[in-house]
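In this note's numbering, the protein residues as written are -7 to 393.
Spelled out as structure tokens, the structure:
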């Protein structure tokens, strides 16, 4: 074995040198220079001071504005909660360990950091699964009468936490374990030792299949079907242009999140599987530290992507709203003037006509807003007069009376 295994740790260095010490009792500066630990601490501090306010702001804004409480945003809100769990429960412990050069908080601190890091990552992954299924149901419409509503979103969020707990909780209960990895200042699942007394190998296989391969398979299936549907709809023009544009923007945002997740987590998962499949292979502490800390950046990119892409949509919506308001104010003027110039000698007829014209003007304004919202053209005033004017009775010839 090219490493040193202890009761609660595995250091990637042979103890033949006599330098190996427990990462819970002594600084691990024999694995890497102190400045590398300082660099890790600075990186963790950066993630904390950026991810904490951005995710908190996302959470606050979504809860404060009712218009943002949509089924789609429920999943995005869930991502913010998962990221906050990683920041508060995991990153703070990692920062403390990096500053000290070892896990001075002991085995308990290691388990806390490993649990929250695993929980947050799994909630993020399964939230992306829910988003992919939502996009598939909305765009592809495999069930014609099905509508993805609030109840479905809540059930989806419950599923994300249940699945995440089935991955993060077993090491707390004796199936596998959390141990320091890499430079021994962050904790994760034990991929390094078989540890038959805790069935470590079976848990690693279980985690990779159920909590990595299957979720990614669902995501790829949904988006492959979605891509085919979008192309077919664009060719056949089955949906209005505004509807297609809105669905494409939402889908693009979710796809970018999925790609970012893969960029952050696939290197870590690949290295972890390589170490597990080739136990005893010699590797340096930085070999596992680099992808592990790169994956922690996932707590920052989700809210950034959400804010940036929604900023573009918000700007476009405001511009369209200003154009619609200008058009409505121009279209409403001649109608109001018509109500004042159109007079009759009969008092009852004049009152009825003026009231009818005023009501019709308000109806045109409201109708124009509704039409503008769905992207349909307005009726001209001549068409509106023809549609709204009551049927006139034929005049009687006075000679026949």
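Think of the CB as a built atom: it goes at the ideal place given N, C-alpha and C, for glycine as much as any other residue. As the structure is a prediction and not an experimental result, all values here were calculated from the model.
Quiz item: Looking at the unbroken alpha helix (DSSP H) that takes in residue 98, where does it start and where does it end?
Solution: Counting from 1 along the chain shown, the entry for residue 98 is found at position 106. Counting along the chain, the alpha helix (DSSP H) containing residue 98 begins and ends at 98 to 127.
Quiz item: Closest by CA to residue 298, which one among 189, 70, 82 and 177?
Solution: Residue 298 sits at position 306 when you count from the first residue of the chain shown. With distances taken between CA atoms, residue 298 lies nearest to 70 out of 189, 70, 82 and 177.
Quiz item: For residue 114, does the count of other Cβ atoms within 10 angstroms reach 16, so buried, or fall short, so exposed?
Solution: On the chain shown, position 122 is the one that residue 114 refers to. With 16 or more Cβ atoms within 10 Å of its Cβ, residue 114 is classed as buried.
Exercise. Could you name the residues of the same chain whose beta carbon sits closer than 7 angstroms to that of residue 351, not counting the 5 residues immediately before and after it, in chain order?
Key: Within the chain shown, numbered from 1, the residue matching residue 351 stands at position 359. Residue confidence is low: residue 351 scores 36 on pLDDT, short of 50, so the model does not pin down where it sits. Its coordinate-derived value is still stated next. Its chain contains no residue whose beta carbon lies nearer than 7 angstroms to that of residue 351 once the 5 sequence neighbours on both sides are disregarded.
Quiz item: Mapping DSSP to helix, strand and coil, what is residue 180?
Solution: Position 188 of the chain shown, counted from the first residue, corresponds to residue 180. In the structure shown, residue 180 adopts extended strand secondary structure according to DSSP, grouped into three states.
Quiz item: What residue range is occupied by the uninterrupted beta strand (DSSP E) comprising residue 22?
Solution: To locate residue 22, count along the chain shown from 1; it is residue 30. Annotation for residue 22: no beta strand (DSSP E) segment contains it, and DSSP assigns it neither H nor E.
Exercise. Assign residue 198 to one of three DSSP states: helix, strand, or coil.
Key: Start at 1 with the first residue of the chain shown, and residue 198 comes out as number 206. Residue 198: helix per DSSP, three-state reduction.
Exercise. With a cut-off of 8 angstroms on the beta carbons, I'd call residue 178 and residue 284 a contact; round off their distance for me.
Key: One-based indexing of the chain shown puts residue 178 at position 186. One-based indexing of the chain shown puts residue 284 at position 292. Correct: roughly 6 angstroms between the Cβ atoms.
Self-check item: Nonlocal neighbours in the same chain, by C-beta distance under 8 angstroms from residue 1, ignoring five residues either side
Solution: On the chain shown, residue 1 is found 9 positions in, with the first residue counted as 1. In its chain, beyond the 5 residues on either side, 14, 15, 16, 171, 172 and 176 have a beta carbon closer than 8 angstroms to the beta carbon of residue 1.
Quiz item: What span of residues does the beta strand (DSSP E) with residue 170 cover, start to end?
Solution: Here residue 170 is taken as the residue at index 178 of the chain shown, counted from 1. DSSP places residue 170 in the uninterrupted beta strand (DSSP E) bounded by 170 to 173.
Exercise. Pull up the distance between the alpha-carbon of residue 123 and that of residue 196, whole angstroms please.
Key: As a working mapping, residue 123 is identified with position 131 in the chain shown. As a working mapping, residue 196 is identified with position 204 in the chain shown. Approximately 26 angstroms, taken between the alpha carbons.
Quiz prompt | Own chain residues within Cβ distance below 6 angstroms of residue 19, not counting five before or after | solution = The count along the chain shown starts at 1 and reaches residue 19 at position 27. Counting only Cβ-Cβ distances below 6 angstroms, and skipping sequence neighbours, we find 93 and 94.
Practice problem: In the DSSP assignment, find the unbroken alpha helix (DSSP H) run with residue 84 in it and report its ends. | Solution: Working through the chain shown from its first residue, we reach residue 84 at position 92. That run of the alpha helix (DSSP H) goes 84 to 92.
Quiz item: CB-CB under 8 angstroms to residue 99, same chain, minus the five flanking residues each way: which ones, in chain order?
Solution: As a working mapping, residue 99 is identified with position 107 in the chain shown. 0 and 16, listed in sequence order.
Quiz item: With respect to the alpha helix (DSSP H) encompassing residue 203, which residues constitute its N-terminal and C-terminal limits?
Solution: As a working mapping, residue 203 is identified with position 211 in the chain shown. Segment: none, residue 203 is in no alpha helix (DSSP H) and carries neither H nor E.
Quiz prompt | Close Cβ partners of residue 202 (< 7 angstroms) along its chain, the five nearest in sequence each way excluded | solution = Reading the chain shown from its first residue, position 210 is the one you call residue 202. Here the set comprises nothing.
Practice problem: List the residues that DSSP assigns as beta-bridge partners of residue -3. | Solution: Taking the chain shown and counting its residues from 1, the one referred to as residue -3 is at position 5. DSSP output for residue -3 lists 2 as bridge partner(s).
Quiz prompt | Among 62, 40 and 43, the one whose alpha carbon lies nearest that of residue 143 | solution = Here residue 143 corresponds to residue number 151 of the chain shown, with the count starting at 1. Distances from the CA of residue 143 to each of 62, 40 and 43 were compared; the closest alpha carbon is that of 62.
Quiz item: If we count Cβ pairs, one from each stretch, closer than 8 angstroms, do we get three or more for the stretch 51 to 60 versus the stretch 81 to 89?
Solution: With the cut-off at 8 angstroms, the stretch 51 to 60 and the stretch 81 to 89 do not touch.
Practice problem: Look at the alpha carbon of residue 259 and the alpha carbon of residue 210, and state the distance between them as a whole number of angstroms. | Solution: Position 267 of the chain shown holds residue 259. Position 218 of the chain shown holds residue 210. A straight-line Cα-Cα distance of about 20 angstroms links residue 259 and residue 210.
Self-check item: Secondary structure of residue 42, DSSP reduced to three states
Solution: Position 50 of the chain shown, counted from the start, is the residue given in the question as residue 42. Helix at residue 42.
Exercise. Tell me whether residue 12 sits in a helix, a strand or coil according to DSSP, three-state version.
Key: Residue 12 sits at position 20 when you count from the first residue of the chain shown. Residue 12: coil per DSSP, three-state reduction.
Quiz item: How is residue 240 classed by DSSP in three states: helix, strand or coil?
Solution: Taking the first residue of the chain shown as position 1, residue 240 is located at position 248. Residue 240 falls in the helix class under three-state DSSP.
Quiz item: Rounded to a whole number of angstroms, what is the C-alpha to C-alpha distance between residue 183 and residue 223?
Solution: By one-based count along the chain shown, residue 183 stands at place 191. By one-based count along the chain shown, residue 223 stands at place 231. Approximately 43 angstroms, taken between the alpha carbons.
Practice problem: Go through its chain and collect everything with a Cβ distance to residue 329's Cβ below 8 angstroms, but skip five positions before and after it. | Solution: Sequence index remark: in the chain shown, residue 329 carries index 337 (1-based). Unreliable positioning characterises residue 329 in this predicted model, as indicated by a pLDDT of 42, which lies under 50. The coordinate reading is nonetheless provided below. Setting aside the 5 residues that flank it on each side, residue 329 has no residue in the same chain whose C-beta is closer than 8 angstroms to its C-beta.
Quiz item: Does the separation of the CB atoms of residue 256 and residue 125 fall below 9 angstroms?
Solution: Locating residue 256 in the chain shown gives position 264, counting from the first residue. Locating residue 125 in the chain shown gives position 133, counting from the first residue. The answer is no: Cβ separation not under 9 angstroms.
Quiz item: Does any C-beta atom of chain B lie closer than 9 angstroms to the C-beta of residue 106?
Solution: No chain B appears in this structure, which consists of one protein chain only.
Quiz item: Can we say the stretch 29 to 42 touches the stretch 277 to 292, given the rule of at least three CB pairs closer than 8 angstroms?
Solution: Contact between the stretch 29 to 42 and the stretch 277 to 292 is present, because at least three Cβ pairs lie under 8 angstroms.
Exercise. Evaluate residue 174 with the Cβ neighbour count: other Cβ atoms within 10 Å of its Cβ, from every protein chain shown; 16 or more gives buried, anything less gives exposed.
Key: Along the chain shown, read from residue 1 onward, the residue named residue 174 stands at position 182. Residue 174 comes out buried.
Exercise. Determine the burial state of residue 139: buried for a count of at least 16 other Cβ atoms within 10 Å of its Cβ, exposed for fewer.
Key: By 1-based counting over the chain shown, the position of residue 139 is 147. Exposed, because fewer than 16 other Cβ atoms sit within 10 Å of the Cβ of residue 139.
Practice problem: Provide the residue span of the alpha helix (DSSP H) that contains residue 144, from first to last. | Solution: To locate residue 144, count along the chain shown from 1; it is residue 152. Its alpha helix (DSSP H) spans residues 142 to 160.
Practice problem: Might you give, ordered along the chain, the residues of its own chain that have their beta carbon closer than 7 angstroms to the beta carbon of residue 65, omitting 5 neighbours on each side? | Solution: In the chain shown, residue 65 corresponds to position 73, counting from 1. Answer for residue 65: 54, listed in chain order.
Quiz item: Can you tell me the Cα-Cα spacing of residue 130 and residue 74, whole angstroms?
Solution: Taking the first residue of the chain shown as position 1, residue 130 is located at position 138. Taking the first residue of the chain shown as position 1, residue 74 is located at position 82. Take the alpha-carbon of residue 130 and the one of residue 74: they are about 25 angstroms apart.
Practice problem: Report yes if the CB atom of residue 79 is closer than 9 angstroms to the CB atom of residue 43, and no otherwise. | Solution: As a position in the chain shown, residue 79 is number 87, starting the count at 1. As a position in the chain shown, residue 43 is number 51, starting the count at 1. Their beta carbons are under 9 angstroms apart, which means residue 79 touches residue 43 by this criterion.
Quiz item: Looking only at C-alpha atoms, which of 119, 180 and 163 sits nearest to residue 146?
Solution: On the chain shown, residue 146 is found 154 positions in, with the first residue counted as 1. Out of 119, 180 and 163, 119 has the C-alpha closest to the C-alpha of residue 146.
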